[in-house]
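Working notes, structure below.
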DNA sequence: GGAAGTCAAGTCTCG
DNA sequence: CGAGACTTGACTTCC
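Numbering (the numbering used here), first residue to last: 174 to 470.
In C-alpha cells:
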C-alpha cells in the first residue's frame, strides 16, 4: 500500500510545481521559465515524498498550454530540460515511487465533436510523453473520466471504447478510467472495462455519491482482476465530504477517524491510495503516520 | 501594495 | 436558452 497526494503542495515544501499564466501573456520565454521552475519544484516535491515515505504522487500539469496550438513542441521542452527530467525520473524509479496524472474536465474522448476528441488526444499524448520522458513503466497511469452522456449513455460508452482503440499505444497502456459522482458510476465503468482492456481507478468519495449499493470491499475484490502485473496494484482515490459545504465538495483537511474506518474496512494492503484533499501533503502526512503506527505500511 | 476581476478548453443543470 | 457550477487558486489589472 502506497499513500500519496495531488500536485500543488506549497506550505511545507515551499514552492508550487504547477505554476501557470494567462494565455494573453503567452510567450515561449514564459513557457520555458515556468516549466523550469515547475520541474525544479517537482524535484523538491519528490524529495519530500521520499523522505516521508509517501510513495505515490499525482503530478499536476507542469507544462502550461501543453496541448495548445501555440505551444512549444514537447521534444524541445524535453531537450532543454534534459537533466531535470533525467534526475527526477531516476529519483522516482530508484525509490520505487508510483506516479499518476489526471487531466481535467476538458479532456473528453467520447465527445461527438471531433475537435474536442482531437484536443483530448493531444492532451493525453502530452501526458504520456511526460511519463515516457521520465522513463516510468506502465504502472504510472493517466486517469480520466468516461466523459459526457449526450442524451444516450450506451452510445456515449461505445464512442469511448471506439475512440480508445484509436489512441496511440503508449497512451492506451497508461490510460485508466475513474468513476464519477454524477454520470458514469462504477457499474458504467465496469461495462466498459469488461469489453476493452482498461483498469478502473476506484474513487471512494464519488462512489459514496453515486453507486448501486456495492460495498467497498466487494468493489475492491472485483477491480483487482482488471489490474495486471504490468498495470501495477489497483489505484484508489480517497477523500470525504467537507462538513457543511455543498455535497460533493472535497474536504479541506482529513478527518482521521473516517480514514481509520476506511482502512479497517478494506482489510487488504494492495491498493495504492491518492488522497484528494485540499491541504495536500498535510493530510497525507497524517495518514501515513497512522498507517505506520498500526503497521499497515 | 492590496482588492477585484479573470482565467484555454466542455458538459450538465438550473433558473 | 443563457448563466453558473465544476475546482480553486493564482494570475493580472486596476486603483
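Glycine included, each C-beta is placed from N, C-alpha and C at the ideal position.
Just so you know, these numbers come straight off a predicted model, no measurement behind them.
Residue i - partner residues in DSSP beta bridges
i: residue 448; result: 178, 411
i: residue 227; result: Its beta-bridge partners do not exist; DSSP assigns none.
i: residue 241; result: BP columns for residue 241 are empty, so no partner.
Under the three-state DSSP convention, the category residue i falls into
i: residue 376; result: strand
i: residue 333; result: helix
i: residue 274; result: strand
i: residue 349; result: strand
i: residue 314; result: strand
i: residue 232; result: strand
Pick from the options that is closest to residue i, judged by C-alpha positions
i: residue 246; options: 205, 466, 465; result: 205
i: residue 222; options: 237, 175, 255, 354; result: 175
i: residue 424; options: 456, 443, 275, 397; result: 456
i: residue 213; options: 199, 238, 186, 201; result: 186
i: residue 276; options: 253, 287, 315; result: 315
i: residue 310; options: 443, 269, 184; result: 269
i: residue 147; options: 418, 446, 355; result: In the structure as shown, the chain starts at 174 and stops at 470, and residue 147 therefore has no counterpart that could be examined.
i: residue 313; options: 437, 302, 319; result: 302
i: residue 399; options: 351, 199, 251; result: 351
i: residue 215; options: 429, 180, 305; result: 180
i: residue 386; options: 370, 371, 358; result: 358
i: residue 436; options: 451, 453, 460; result: 460
i: residue 324; options: 434, 284, 249, 426; result: 284
i: residue 346; options: 453, 372, 318; result: 372
Nearest-angstrom Cβ-Cβ length linking residue i and residue j, presumed shorter than 8 Å
i: residue 395; j: residue 439; result: Between residue 439 and residue 395 the Cβ distance is about 13 Å, and since that is not below 8 Å, they are no contact.
i: residue 227; j: residue 258; result: Their Cβ separation, rounded to whole angstroms, is 21 Å, which puts residue 227 and residue 258 out of contact at 8 Å.
i: residue 299; j: residue 239; result: 4 Å
i: residue 374; j: residue 410; result: 6 Å
### Query
Are the segment 260 to 273 and the segment 193 to 208 touching by the rule of at least three beta carbon pairs closer than 8 Å?
no
### Message
Between the segment 224 to 242 and the segment 188 to 203, can you find at least three pairs of beta-carbon atoms closer than 8 Å?
### Response
yes
### Query
Does the segment 278 to 291 come close enough to the segment 242 to 258 to have 3 or more Cβ pairs within less than 8 Å?
no
### Query
On the three-pair Cβ rule with 8 Å, is the segment 359 to 369 touching the segment 400 to 414?
no
### Query
Is it true that the segment 293 to 310 meets the segment 326 to 333, where meeting means three or more beta-carbon pairs spaced less than 8 Å apart?
no
### Task
Inspect the CB distances between the segment 407 to 419 and the segment 378 to 389 and report whether three or more fall short of 8 Å.
yes
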